[in-house]
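If you're matching them up, the sequences are chains A and B in order. For reference, each letter of the first sequence is one residue, going 1 to 156 in my numbering. For reference, each letter of the second sequence is one residue, going 1001 to 1156 in my numbering. First comes the structure, then the notes that go with it.
Protein chains: 2
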Amino acid sequence: MTDDLLEEKLPRIPEGYVQMNWTQGFGRQIGPLFERIGEGGAYTRAFLVSEHHTNGMKNCHGGMLMSFADMALGHAVSLNAHRFWVTVRLLTDFISAAEIGDFVEGTGEVVGEEDDLFTVRGRIWTGERTIMSATGVFKALGARPAKPHWIQVAEG
Amino acid sequence: MTDDLLEEKLPRIPEGYVQMNWTQGFGRQIGPLFERIGEGGAYTRAFLVSEHHTNGMKNCHGGMLMSFADMALGHAVSLNAHRFWVTVRLLTDFISAAEIGDFVEGTGEVVGEEDDLFTVRGRIWTGERTIMSATGVFKALGARPAKPHWIQVAEG
């Protein structure tokens, strides 16, 4: 019976998502974050809006959404170019609010590449609703292992 | 002797700064944050880069810098228009890295106002070094108390 009650309290994470193993720094502080890898370079990252993500209106704080956008879009450089990266510029447009309990997902697509600068266009949503659109410019650094690993060394 | 040792471990916060009393949500999660109010609407906000702000290179994570920019620039709407606000758009340019132990400061200036939309230009720095430049568009909501108070209700 106790187990049943505990299970009811677990957040419902959609199938295919695994929790990212960020054990230190800012990634741990704002987590947990989740990732689902699809075919052909497709991926989504996600988080469940919890109390420690909120602003005073109990919506997701804009800072959290921007932090998540940085991680969701930049990952396109990791996956498609197998490079570490740093953020050069990020433009975020806030379309609608994410509320506590919303499962927020995001992904990015490389739309431009010149020398070491990658331009990534991305979208953040929950259910059918767009939360944010974003465009980022990321500078690629050294090569990273092609196989995804969960301790992200240089992101952000 | 013990007191001496403990004091050495305290972060050195410049004179005039007070710690913001964010006791819940994202503001607490990424804190502590500090604020210094000057004359004629001038202000700076600040934070000391700590382990829970870092990326894998032990620099300040880009998400933290963007979150701080949101709070530092948006505050110009609170102080100059005495309104609550939400972020509509934020553009952030990453100029240089902030390292662990850096005391990072930022401020914003209202450079445009049309109906309820305020455009704010801002800068984030540490010491003599610029970390980020940013431009934000914020939508003003209802009136807020003219006297600053530390529980920020609607920011972000």
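Each residue gets a CB set at the ideal place from its N, CA and C atoms; glycine is no exception. Predicted model, so just to flag it, every value in this text is computed and none were measured.
Let me see if you follow: with CB-CB separation under 7 Å, is B/Gly-1040 close to chain A or not?
Locating residue 1040 of chain B in the second sequence gives position 40, counting from the first residue. It does not: the Cβ of B/Gly-1040 has no partner Cβ on chain A nearer than 7 Å.
Do B/Gly-1122 and B/Leu-1091 count as a contact pair if the criterion is CB distance below 7 Å?
Within the second sequence, residue 1091 of chain B is the residue found at index 91, counting from 1. Within the second sequence, residue 1122 of chain B is the residue found at index 122, counting from 1. Cβ distance not < 7 Å, so B/Leu-1091 and B/Gly-1122 don't count as in contact.
Drop a sphere of 10 angstroms on the beta-carbon of A/Val-18, count the other beta-carbons inside from all chains shown, and report buried for 16 or more, exposed for fewer.
Residue 18 of chain A sits at position 18 when you count from the first residue of the first sequence. By the 10 Å Cβ count, A/Val-18 comes out exposed.
Determine, using beta carbons only, whether B/His-1052 comes closer than 7 Å to chain A.
What you label residue 1052 of chain B is simply residue 52 of the second sequence in a count that begins at 1. Interface residue, yes.
Using a Cβ-Cβ cut-off of 7 Å (strictly less than) and excluding sequence neighbours within five positions of A/Val-49, which residues of its own chain qualify?
Sequence index remark: in the first sequence, residue 49 of chain A carries index 49 (1-based). These residues qualify, in order along the chain: Cys-60, Ala-98, Glu-99, Ile-100, Gly-101, Asp-102, Val-104.
Just curious, the beta strand (DSSP E) that A/Ser-81 is in, first and last residue?
In the first sequence, residue 81 of chain A corresponds to position 81, counting from 1. Contrary to the premise, residue 81 of chain A reads as Ala rather than Ser in this sequence. Not the beta strand (DSSP E): A/Ala-81 falls in the alpha helix (DSSP H), residues 62-81.
Contact criterion: CB-CB distance below 7 Å. Does B/Asp-1102 meet it with respect to chain A?
Your numbering for residue 1102 of chain B matches position 102 in the second sequence. No - not a single Cβ of chain A is within 7 Å of the one on B/Asp-1102.
Let me check understanding here. Comparing Cα to Cα, which of A/Ile-95, A/Lys-58, A/Val-110, A/Ala-140 lies closest to A/Ile-124?
Along the first sequence, one-based indexing puts residue 124 of chain A at 124. Residue A/Ile-95 is the option with its Cα nearest to A/Ile-124.
When the distance is taken between beta carbons, is B/Val-1120 closer than 7 Å to B/Ala-1076?
Here residue 1076 of chain B refers to the residue found at position 76 of the second sequence. Here residue 1120 of chain B refers to the residue found at position 120 of the second sequence. Yes. Within cutoff.
Quick one: which unbroken beta strand (DSSP E) runs of 3-plus residues sit fully inside the segment 23-47 of chain A? Chain order, please.
Entirely contained in the segment 23-47 of chain A, the beta strand (DSSP E) runs reaching 3 residues are, in chain order, 34-37.
Give a yes or no on whether the C-beta atoms belonging to A/Tyr-43 and A/Leu-79 are separated by under 7 Å.
Your numbering for residue 43 of chain A matches position 43 in the first sequence. Your numbering for residue 79 of chain A matches position 79 in the first sequence. In this structure, A/Leu-79 lies closer than 7 Å to A/Tyr-43 by Cβ.
When you compare only the Cα positions, how much space is there between A/Gln-24 and B/Asn-1055?
Here residue 24 of chain A refers to the residue found at position 24 when the first sequence is read from its first residue. Here residue 1055 of chain B refers to the residue found at position 55 when the second sequence is read from its first residue. Answer to the nearest angstrom: the Cα atoms are 8 Å apart.
Quick one: grab the DSSP three-state call for B/Glu-1015.
Within the second sequence, numbered from 1, the residue matching residue 1015 of chain B stands at position 15. If DSSP states are grouped into helix, strand and coil, B/Glu-1015 belongs with coil.
Alpha carbon to alpha carbon, how far is A/Lys-139 from B/Val-1086? Give it in angstroms, no decimals.
Numbered from 1 along the second sequence, position 86 holds the residue referred to as residue 1086 of chain B. Numbered from 1 along the first sequence, position 139 holds the residue referred to as residue 139 of chain A. Distance between the alpha carbons of B/Val-1086 and A/Lys-139 is about 30 Å.
What are the start and end residues of the beta strand (DSSP E) that includes A/Ser-133?
What you label residue 133 of chain A is simply residue 133 of the first sequence in a count that begins at 1. A/Ser-133 -> beta strand (DSSP E) spans 129-143.
How about A/Gly-137 and A/Arg-89: do their beta carbons lie closer than 7 Å?
For the purposes of this step, residue 137 of chain A is taken as residue 137 along the first sequence, with counting starting at 1. For the purposes of this step, residue 89 of chain A is taken as residue 89 along the first sequence, with counting starting at 1. The question names Gly, but residue 137 of chain A is Val in the sequence shown. Yes.
Run through the DSSP bridge pairs and tell me what A/Glu-99 is partnered with.
The residue you call residue 99 of chain A lines up with position 99 of the first sequence. Beta-bridge pairing links A/Glu-99 to A/Asn-59.
In chain B, what lies closer than 9 Å to A/Leu-91 by C-beta?
Counting from 1 along the first sequence, the entry for residue 91 of chain A is found at position 91. Per Cβ cutoff of 9 Å: Arg-1089, Leu-1090, Leu-1091, Thr-1092.
Under three-state DSSP, which class holds B/Gly-1156?
As a working mapping, residue 1156 of chain B is identified with position 156 in the second sequence. Because B/Gly-1156 carries a pLDDT of 47, less than 50, the predicted location of this residue cannot be relied on, and the following value inherits that uncertainty. Looking at B/Gly-1156 - three-state DSSP - the assignment turns out to be coil, as it is neither helix nor strand.
Mind listing which residues of the segment 1067-1078 of chain B have their C-beta closer than 9 Å to chain A's C-betas, in chain order?
Across the segment 1067-1078 of chain B, CB contacts with chain A closer than 9 Å involve Ser-1067, Phe-1068, Ala-1069, Asp-1070, Met-1071, Gly-1074, in sequence order along the chain.
Give me the chain A residues within the contact set of B/Gly-1106, using Cβ-Cβ distance strictly less than 8 Å, ordered along the chain.
Within the second sequence, residue 1106 of chain B is the residue found at index 106, counting from 1. From the beta-carbon of B/Gly-1106, no residue of chain A is found nearer than 8 Å; the closest lies around 13 Å away.
Mind listing the chain A neighbours of B/His-1082? Cutoff is C-beta to C-beta under 7 Å, in chain order.
By one-based count along the second sequence, residue 1082 of chain B stands at place 82. Those do not exist, as B/His-1082 stays about 16 Å from chain A at its closest Cβ, beyond 7 Å.
Note down the Cα distance separating B/Glu-1035 from A/Glu-114, rounded to an integer number of angstroms.
Within the second sequence, the letter at position 35 stands for residue 1035 of chain B. Within the first sequence, the letter at position 114 stands for residue 114 of chain A. Spanning the two alpha carbons is a distance of roughly 40 Å.
My assumption, with CB atoms under 8 Å, is that A/Thr-70 sits in contact with A/Ser-133. Please give the rounded CB distance.
Here the question's residue 70 of chain A lines up with position 70 in the first sequence. Here the question's residue 133 of chain A lines up with position 133 in the first sequence. Checking the sequence shown, residue 70 of chain A turns out to be Asp, not Thr. That pair is no contact at about 14 Å.
Answer with yes or no whether the minimum CB distance from B/Met-1132 to chain A is below 7 Å.
For the purposes of this step, residue 1132 of chain B is taken as the residue at position 132 of the second sequence. It does not: the Cβ of B/Met-1132 has no partner Cβ on chain A nearer than 7 Å.
Could you tell me whether the Cβ of A/Gly-62 comes closer than 7 Å to any Cβ of chain B?
As a working mapping, residue 62 of chain A is identified with position 62 in the first sequence. Closer than 7 Å: yes.
Leaving out five residues on either side along the sequence, give the residues of the same chain with a beta carbon under 8 Å from the beta carbon of A/Leu-117.
One-based indexing of the first sequence puts residue 117 of chain A at position 117. These residues qualify, in order along the chain: Val-88, Val-137, Phe-138, Lys-139, Ala-140.
Kindly indicate which residue of B/Pro-1014, B/Pro-1032, B/Gly-1027 has the alpha-carbon position closest to the one of A/Met-57.
In the first sequence, counting from the first residue as 1, residue 57 of chain A sits at position 57. For A/Met-57, the nearest C-alpha among the options comes from B/Gly-1027.
For the beta strand (DSSP E) that A/Val-49 lies in, which residues bound it at each end?
For the purposes of this step, residue 49 of chain A is identified with residue 49 of the first sequence, where counting begins at 1. Careful: A/Val-49 lies outside any beta strand (DSSP E) and carries neither H nor E.
Can you list, in chain order, the residues of its chain whose CB lies under 7 Å from that of B/Arg-1129, leaving out five sequence neighbours each side?
The residue labelled residue 1129 of chain B in the question sits at position 129 within the second sequence. These residues qualify, in order along the chain: Ser-1096.
Roughly how many angstroms separate the alpha carbons of A/Gln-29 and A/His-53, rounded to a whole number?
For this step, residue 29 of chain A is matched to residue 29 along the first sequence. For this step, residue 53 of chain A is matched to residue 53 along the first sequence. Their Cα atoms are separated by approximately 10 Å.
Is it buried or exposed, B/Ile-1037, if we count other Cβ atoms within 10 angstroms and call 16 or more buried?
For the purposes of this step, residue 1037 of chain B is taken as residue 37 along the second sequence, with counting starting at 1. It is exposed - the Cβ of B/Ile-1037 has fewer than 16 other Cβ atoms within 10 Å.
Cutting at 6 Å between CB atoms, please list the residues of its own chain near B/Trp-1022, excluding the five before and the five after it.
By 1-based counting over the second sequence, the position of residue 1022 of chain B is 22. Counting only Cβ-Cβ distances below 6 Å, and skipping sequence neighbours, we find Arg-1028, Gly-1031.
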